[in-house]
Amino acid sequence: MTAPLRTRFAPSPTGSLHVGGVRTALYCLLEAHGSGGHFLLRIEDTDQARSTEEAANGILRDMRWLDLLWDEGPGTPDQTFGPFFQSQRLDRYRACVQQLLDEGKAYEAWESREELDVERKHAEAAKENFRYRRRPYTADQIAAWRDEGRLPVVRFATPRKPVTVVDRILGEVTVDEDTVDDFVILKDDGFPTYHFAVVVDDHDMQIDLVLRGQEHLMNTHKHLLLYEAFGWRAPQHGHLPLIFNPTGQKMSKRDKARVAREKAREKAKSTGADAKTWTWLAEEAGIDREDLVAFMAKKHDGVSMAEAVARATGATLPLIEVNDFRRDGYLPEAIVNYLCLLGWSPGDDREVLTRDEMVAVFSIDRVQKTAARFDADKLLWMNQEYMKSLPEDTLLEHLGEWLDAVHGSPLHALDEAGRRAMIRMYRPRARTFEDLHRLGGFLFVRPTTWAEKQVKKHVLADGGVERLRATRDTLSAQEDFGADALAAMFQRLADDTGLGFGKVAQPVRVAVSGDGVSPEIQDTLAFLGRTETLARIDAFLVSLS
Ligand code: GLU
């Protein structure tokens, strides 16, 4: 039995939660709960320009939807280590910065961003790495900068020595003494940088294990030097493998922009439309033309722009953010289960795991080092498994959440009984909730045409029309229009006529659905109700005459 571990997920609220973040949060939660410890959520909102409250709320909502509930963090009863928004912890960071200043382990630096950019460009041109090191200033220089209203940043006086990260997944990763420069710890707006705040908080919140994406690996050397400067014990670290998209690049929100651009170009080419000013597309999509031109020239990758372009061109954008999956009718249980297996396996061939099973068997020691490929078909398969197996009440709840996230589904109008009926009818074959209205659309719109092939095969042959008329009369006299009573009724007709159940049911199915496909006939008719069922059969019979 290991000691209880404290882990944390620490997203920056600069956008919405995506699959990579979900997997990190999940692994943190599983690792903590597997050891009997706590999983913390901390919102890293120190980048004033890019953080928004809306994004923070979106992350909390997505985490709750996925049932990735934190033991300590925003809104939990246990606030011992709070507050959990970094923007509310500024005094603590400033005190820690002051401590390093007092001990001579940090210093004020005065170069402006523009001056540093110029230096960086020079270094680039000379094919050198730009590394900031402490520079001497005279008192006069400092006074002049102060007079012109400049504010200093605080930089860490980085000790020049090799640093080794002992990573739980990747093993030892060492950098030499020139790699880490004197990085900024306090910006001129008085906010700490990510590197500084993350160390202070992970220490203060007594975090034992930091799990995060591999893109952070080279930051960890900086963090270790800060722990050392404070004389604090550093937590353990584990850097998770990247998630690749099907084309083998790092999966990112930018993929949406890429797909939208490709489709727009394709459309311009096939229709001969202008692909320079993009006026037609701006008009069709109802978006600002200049912004669109910038987007098409890869000046930015805005998700809302990509979505507007996709709507206008019919592009199918890849699913990346939690919101994409919710909107497309996926189940949170399936997403979590799928992501759990993306870069980790339980060591046997189990694929569908309950949360308890995940907690019991998960261990970061079996997380793979190399990138994992996101397989949308596998997720779809997983979703279908959960469609079949989750309790009806859970599906009902998720169906409500899905309907809150989409517009214009006929299912909006259904009461609870109607929604339950839809779930019962379609869960054996629906891959996502979208399939409910794709497959069950006919339930909401009375057919006006009937598939010729089906009509010929099931109605016009072997006295099908007479059978349908007889069944219609029986249905109209049927008092109980519930599914069980209807099933018994169809069985009686089948027995009386000596024909099979299918032979009796199929003409009715064609009449009410317009096609040969529907859920069980008794469920379909019970859902439609007597009046609608009879009206549909009558309309069909009229169409035959
Ligand atoms: N705020 C950082 C991010 O969202 C967190 C990285 C970490 O877990 O330390 O990338």
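Mapping to the numbering used here: the sequence shown position 78 is 356, numbers consecutive. Each residue gets a CB set at the ideal place from its N, CA and C atoms; glycine is no exception. Note that the coordinates shown come from a computational prediction; the quantities given were computed from them, not determined experimentally.
Would you mind working out which of C618, R413, D445 sits nearest A435, comparing C-alpha positions? R413
N- and C-terminal bounds of the beta strand (DSSP E) containing Y385: 384-387
Consult DSSP for F461 and reduce its assignment to one of helix, strand or coil. coil
From what residue to what residue does the alpha helix (DSSP H) around L746 run? 742-755
Applying the 10 Å Cβ sphere with the 16-neighbour rule, what's the burial state of P291? buried
Are the segment 770-787 and the segment 733-751 touching by the rule of at least three beta carbon pairs closer than 8 Å? yes
Buried or exposed (CB count within 10 angstroms, at least 16 for buried), L487: buried
Distance, Cα to Cα, D655 vs E493? 26 Å
Can the beta-carbon of A612 be found less than 9 Å from the beta-carbon of L657? yes
Tell me which same chain residues have a C-beta within less than 8 Å of the C-beta of R370, skipping the five on either side of it? V478, D482
beta-carbon F287 near ligand 1 non-hydrogen atom, thresh 8 Å: yes
Return no unless some Cβ of chain C is closer than 9 Å to the Cβ of A288. The displayed structure is made up of one protein chain only, and chain C is not part of it.
Rounded C-alpha distance that separates V300 from E455: 35 Å
For I521, which three-state DSSP category applies? strand
Sorted by chain position, which residues of the same chain lie with C-beta nearer than 6 Å to A586's C-beta, five sequence neighbours on each side aside? A563, I565
Between which residues of its own chain and S329 is the CB-CB distance below 7 Å, once the five residues before and five after are set aside? S290, P291, T292, D323
Span of the beta strand (DSSP E) around E450: 449-453
Does DSSP classify W558 as helix, strand or coil? helix
Per the DSSP calculation, A650 is bridged to which residue(s)? I521
Spatial neighbours of L368 within its chain, please: CB distance less than 8 Å, with the 5 preceding and 5 following residues excluded, ordered by chain position. G468, F469, P470
Hey, could you find the ends of the beta strand (DSSP E) R697 is sitting in? Note, R697: premise wrong, no beta strand (DSSP E); alpha helix (DSSP H) at 694-704.
Proximity winner among S641, S791, W423, relative to A310 (alpha-carbon distances): S641
Could you check whether A729 and D653 sit closer than 9 Å to each other, using their CB atoms as the reference points? no
G312, enclosing alpha helix (DSSP H) - first and last residue: 297-312
G742 versus E544, E402, A590, L777, residue with shortest Cα-Cα distance: L777
Buried or exposed: which applies to T302, given that a residue is buried once 16 or more other Cβ atoms fall within 10 Å of its Cβ? buried
CB of S290 to nearest heavy atom of ligand 1: below 8 Å? yes
Q366, DSSP secondary structure in three states: helix
Is T254 a contact residue of ligand 1, with contact defined as CB to any heavy atom under 8 Å? Nothing in the structure corresponds to residue 254, since the chain is present only between 279 and 823.
Kindly indicate the opening and closing residues of the beta strand (DSSP E) around F573. Element bounds for F573: not the beta strand (DSSP E) but the alpha helix (DSSP H), 567-574.
Identify, in the order they occur along the chain, each residue of the same chain with its Cβ nearer than 7 Å to the Cβ of M574, setting aside the five sequence neighbours on each side. R539, A542, W556
Just to check, is the beta-carbon of E322 closer than 8 Å to a non-hydrogen atom of ligand 1? yes
Exposed or buried, which one is R705 when buried takes at least 16 other CB atoms within 10 Å? buried
I321 by DSSP, collapsed to three states: which one? strand
At a cut-off of 8 Å, is R446 close to ligand 1 when judged by its beta-carbon and the heavy atoms of the ligand? no
For L487, which three-state DSSP category applies? strand
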